[in-house]
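*Asks:* Residue numbers (our numbering), protein chains in the order written: chain W, 3 to 130; chain E, 3 to 130.
Even glycine gets a Cβ: it sits at the ideal position worked out from N, Cα and C.
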DNA sequence: GTTATAATAGTAACGATTACTGTTTTTAAT
DNA sequence: ATTAAAAACAGTAATCGTTACTATTATAAC
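1) Starting from residue 107/W, trace the beta strand (DSSP E) in both directions and tell me its first and last residue.
2) Beta carbon of residue 87/E, beta carbon of residue 111/W: below 8 Å?
3) Taking 8 Å as the cut-off, does the region 70-81 of chain W touch the region 7-26 of chain W (at least 3 CB pairs, one atom from each stretch)?
4) Excluding the 5 residues flanking residue 115/W on each side, which residues of the same chain have their C-beta closer than 6 Å to its C-beta?
5) Quick one: what's got a C-beta closer than 7 Å to residue 117/W's C-beta in the same chain, skipping five residues either side?
6) Counting only runs that start and end within the region 20-86 of chain W, where is the alpha helix (DSSP H) found for 4 or more residues in a row?
7) Taking 8 Å as the cut-off, decide whether the C-beta atoms of residue 104/E and residue 94/W are in contact.
8) Which term fits residue 82/E, buried or exposed, when burial requires 16 or more other beta carbons within 10 angstroms of its beta carbon?
9) What residues in the region 105-125 of chain E have a beta carbon less than 7 Å from any beta carbon of chain W?
10) Taking residue 127/W as the query, report the chain E residues whose CB atoms sit under 9 Å from its CB, ordered along the chain.
11) Buried or exposed: residue 53/W, going by 16 or more other Cβ atoms within 10 Å of its Cβ?
12) What in chain W is Cβ-close to residue 103/E, meaning under 7 Å?
13) From residue 129/E to residue 108/W, what does the alpha carbon distance come to, in whole angstroms?
14) Pull up the distance between the alpha-carbon of residue 18/W and that of residue 61/W, whole angstroms please.
15) Looking only at its chain, what residues have a beta carbon closer than 6 Å to the beta carbon of residue 119/E, apart from the 5 residues adjacent to it on each side?
16) Does the distance from the CB of residue 56/E to the CB of residue 30/E come in under 8 Å?
17) Leaving out five residues on either side along the sequence, give the residues of the same chain with a beta carbon under 6 Å from the beta carbon of residue 28/E.
18) Select from the region 77-94 of chain E all residues with a C-beta closer than 8 Å to any C-beta belonging to chain W, and list them in chain order.
19) Report the rounded CA-to-CA distance for residue 34/W versus residue 41/W, giving the unit in angstroms.
20) Given a threshold of 16 other Cβ atoms within 10 Å of its Cβ, counted over all protein chains shown, does residue 49/E qualify as buried or as exposed?
21) Just the Cα atoms here: how many angstroms apart are residue 127/W and residue 26/E?
22) Using a Cβ-Cβ cut-off of 7 Å (strictly less than) and excluding sequence neighbours within five positions of residue 84/E, which residues of its own chain qualify?
23) Counting along the chain, where does the beta strand (DSSP E) carrying residue 91/W start and finish?
24) Which residues share a DSSP beta bridge with residue 115/W?
25) By how many angstroms is the C-alpha of residue 51/E removed from the C-alpha of residue 45/E?
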């Protein structure tokens, strides 16, 4: 892979680095446009895909029909609020034991696992 | 919810019941058309969504951009082959311990968990 | 500076899904 | 059996996230 430097890509990475939530391509687009008013949505998608492919960011598919992107590539669990849609990090350590368990009775080759949790986030639980 | 009976819906359920793989709406459409040549794709989608909402079938989102549907609503893990895209059942029992662990340090209310595994299925591993 | 090619902006196309609309089925009450 | 209310339908249009295309611009090695 023969990468060339690009200010737009830098800007996308920089933006992602500032966010602890997990923005969608569209949110990235909206924000990066403040520094690059002419950046195209296609450029955002292409670079997010590229960065995810080379492992510099992570692409999250949490079942809401939209891809989310995470600057933090260390394995960690995510929580998706069924009401507000927010995607947040969980700090429970990730275990790989389950992969070993599954592999025992599975003929193919397991390379990884995706797990996310859903429910109501603290903001969406009615106070009293 | 005030359901009325429909032959089309029956047929969709019947078809799903015969399949151990996890067909997409389009596959359901193709097959149910053999008994109902005029059935519309919208009807298939509407009924799959309805059946999933009332818990008679399960909707699987395994990150391939297409929804899969499962007649078996008992909790079980799925494996997604990264090469051929097949979605298959795993027989490792599902544990809820992880939910309890996560709940300990999480302020919101966790209602469930989605886990799937990916890798190469036995068909896609080169034989020698 | 030249040159090769990666990256871009802008736009068109795509595929999965949902929404709309007028018609047909189902169901329950008469 | 007839009727009436509502659910479901077929057919089609629209939506939405994403990818593909194309002509132009930026990058980087020589």
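*Replies:* In terms of the structure at hand:
1) From DSSP, residue 107/W is part of no beta strand (DSSP E); its letter is neither H nor E.
2) Cβ distance not < 8 Å, so residue 87/E and residue 111/W don't count as in contact.
3) Segment contact: the region 7-26 of chain W against the region 70-81 of chain W, three or more CB-CB distances shorter than 8 Å; contact assigned.
4) These residues qualify, in order along the chain: 101.
5) These residues qualify, in order along the chain: 79.
6) Counting whole runs of 4 or more residues, the region 20-86 of chain W contains the alpha helix (DSSP H) stretches 27-34 and 43-55.
7) Yes; because the gap between Cβ atoms is below 8 Å, this pair is in contact.
8) In the assembly as shown, residue 82/E is a buried residue. Its beta-carbon has 16 or more other beta-carbons within 10 Å.
9) Here the close residues are 107, 108, 109, 110, 111, 112, 113, 114, 115, 116, 117, 118, 119, 120, 121, 122, 123 and 124.
10) Under the 9 Å cutoff, chain E gives 109, 110 and 111.
11) The residue in question, residue 53/W, is buried, as its Cβ has 16 or more Cβ neighbours within 10 Å.
12) 94, listed in chain order.
13) Answer to the nearest angstrom: the Cα atoms are 16 Å apart.
14) Cα to Cα, the separation comes out at about 12 Å.
15) Residues 81 of the same chain have their beta carbon placed closer than 6 Å to that of residue 119/E, with the five preceding and five following residues left out of the count.
16) Contact flag unset, no.
17) Excluding positions up to five away in sequence, the list is empty.
18) Taken in chain order, the members of the region 77-94 of chain E whose beta-carbon sits within less than 8 Å of a beta-carbon on chain W are 79, 81, 83, 84, 92, 93 and 94.
19) So the alpha carbons of these two residues sit roughly 8 Å apart.
20) With 16 or more Cβ atoms within 10 Å of its Cβ, residue 49/E is classed as buried.
21) Each residue's CA atom was taken as its position, placing residue 127/W and residue 26/E some 34 Å apart.
22) Residues of the same chain with a CB within less than 7 Å of the CB of residue 84/E, apart from the 5 flanking positions on each side, are 120, 121 and 122 in chain order.
23) Residue 91/W -> beta strand (DSSP E) spans 89-91.
24) DSSP, once it has assigned bridges, lists 119/E as partnering residue 115/W.
25) Per the coordinates, the alpha-carbon of residue 45/E lies some 10 Å from the alpha-carbon of residue 51/E.
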